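18 is the number of the first residue of the sequence shown in my numbering; add one for each residue after it.
Ideal Cβ positions, reconstructed from N, Cα and C, are used throughout, including at glycine.
Just so we're clear, the structure is a prediction, and the values are computed from it rather than from any experiment.
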Amino acid sequence: MADFDAVAQRYQSFLQLPVCRDVETYSFEKLAGDCRGLSILDLACGEGYYSRFFRQHGAARVIGVDISAEMIRLAAAQEHSDPLGIDYRVGDACDVKLKERFDIVSGAWLLQNARDSEGLRAMCMTIAQHLKPEDVFIGLNINPTFSGDGMALAKYGHTFRPNDAKEGDALYSRFYPPAAEPFEMLTYQKSLASYAWAFEQAGLTSPEWVPVSVRPERLAQDGADFWAYFLQHPPITGLRSRAMS
Ligand SMILES: C[S@@+](CC[C@H](N)C(=O)[O-])C[C@H]1O[C@@H](n2cnc3c(N)ncnc32)[C@H](O)[C@@H]1O
Numbered sequence: 018m019a020d021f022d023a024v025a026q027r028y029q030s031f032l033q034l035p036v037c038r039d040v041e042t043y044s045f046e047k048l049a050g051d052c053r054g055l056s057i058l059d060l061a062c063g064e065g066y067y068s069r070f071f072r073q074h075g076a077a078r079v080i081g082v083d084i085s086a087e088m089i090r091l092a093a094a095q096e097h098s099d100p101l102g103i104d105y106r107v108g109d110a111c112d113v114k115l116k117e118r119f120d121i122v123s124g125a126w127l128l129q130n131a132r133d134s135e136g137l138r139a140m141c142m143t144i145a146q147h148l149k150p151e152d153v154f155i156g157l158n159i160n161p162t163f164s165g166d167g168m169a170l171a172k173y174g175h176t177f178r179p180n181d182a183k184e185g186d187a188l189y190s191r192f193y194p195p196a197a198e199p200f201e202m203l204t205y206q207k208s209l210a211s212y213a214w215a216f217e218q219a220g221l222t223s224p225e226w227v228p229v230s231v232r233p234e235r236l237a238q239d240g241a242d243f244w245a246y247f248l249q250h251p252p253i254t255g256l257r258s259r260a261m262s
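Set out below in structure tokens:
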């Protein structure tokens, strides 16, 4: 398990980069759609970036859960200084048992943390157990079929190694936050087949892998050439699934 406690503050700084604001947030916003009035369980909520996003976009109720006590401390500090009514808890997404179901379960950078297909299945069980029938899971993930050179992504603020990771291999993501030391997070490679198996075992539809895109204003500002490598070899992806009825 990566030591997320140690990098929590630097991760907060990384969230200011265009690759976060104008690629992942933009793409996740489109995946979430209109969340006004909905209840949302945000698994691997970190320091609350998407939990706040959901509330600021009209979600009626948001619970954020993260395994890192330091991430939750940072989330709670922001809730304290600017209250949005978000309920944050420390917990392992493999073993969350809340006595309610939600309209959306969110997992931005959740599933890549599972060591293997069994770990993935445990996370998917949590997702399924907290969704109403037909309701939706949305996620962001390292692209399991990434085909580029992970080190060629440095100009976007985020590199990966190794390029040829196989099922269960450690995958290191290196982050370059503005005005702070770079840091690494450890995740694990799993195949598309492992994801499909885990979702099916949990009673979820096979994940639909949804390509990310760059906010048009950002693309216009930086030029298409700047983002070409990223979009030709997307290192990250959205995903969506539904609870089977
Ligand atoms: C890259 S951060 C993303 C945080 C947040 N979703 C965001 O997008 O800003 C990944 C998060 O996953 C959390 N995490 C890793 N394994 C977890 C698990 N088994 N259960 C809950 N959270 C986990 C880490 O503590 C970390 O906060």
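Taking only three categories from DSSP, how would you classify residue i?
i	result
Tyr205	strand
Gly255	strand
Gly156	strand
Leu55	coil
Met18	For Met18, the predicted model reports a pLDDT of 40, less than 50, meaning its position is unreliable; a value from the coordinates is still stated below. The answer is coil: DSSP assigns Met18 none of H, G, I, E or B.
Lys172	helix
Pro195	coil
Glu151	strand
Leu34	coil
Ala61	coil
Ala210	helix
Ala237	helix
Going by DSSP, what residue range makes up the beta strand (DSSP E) through residue i?
i	result
Thr176	175–178
Phe45	Per DSSP, Phe45 belongs to no beta strand (DSSP E); it is in the alpha helix (DSSP H), 42–49.
Trp226	225–228
Ser190	187–192
Rounded to the nearest angstrom, how far is the Cβ of residue i from that of residue j, given a contact under 8 Å?
i	j	result
Tyr7	Leu203	The structure shown has nothing for residue 7, since the chain only spans 18 to 262.
Leu168	Thr176	Contrary to the premise, residue 168 reads as Met rather than Leu in this sequence. Right, their Cβ atoms sit about 5 Å apart.
Gln95	Gly65	6 Å
Ile80	Leu58	5 Å
Gly156	Gly255	7 Å
Ala25	Ala61	Not a contact, Cβ separation roughly 13 Å.
Ala49	Ile144	15 Å between Cβ atoms; not a contact.
Gly185	Arg132	7 Å
Locate the alpha helix (DSSP H) running through residue i, then write down its first and last residues.
i	result
Arg72	66–73
Tyr246	241–249
With ligand 1 as the reference, list in chain order each residue whose Cβ lies under 5 Å from any of its heavy atoms.
Going by the Cβ distance cut-off, the answer is Phe21, Ala61, Gly63, Tyr66, Asp83, Ile84, Ser85, Met88, Asp109, Ala110, Ala125, Trp126, Asn130.
Could you tell me which uninterrupted alpha helix (DSSP H) segments, each at least 4 residues in length, are contained entirely in the segment 76–146, listed from first to last along the chain?
86–98, 134–146
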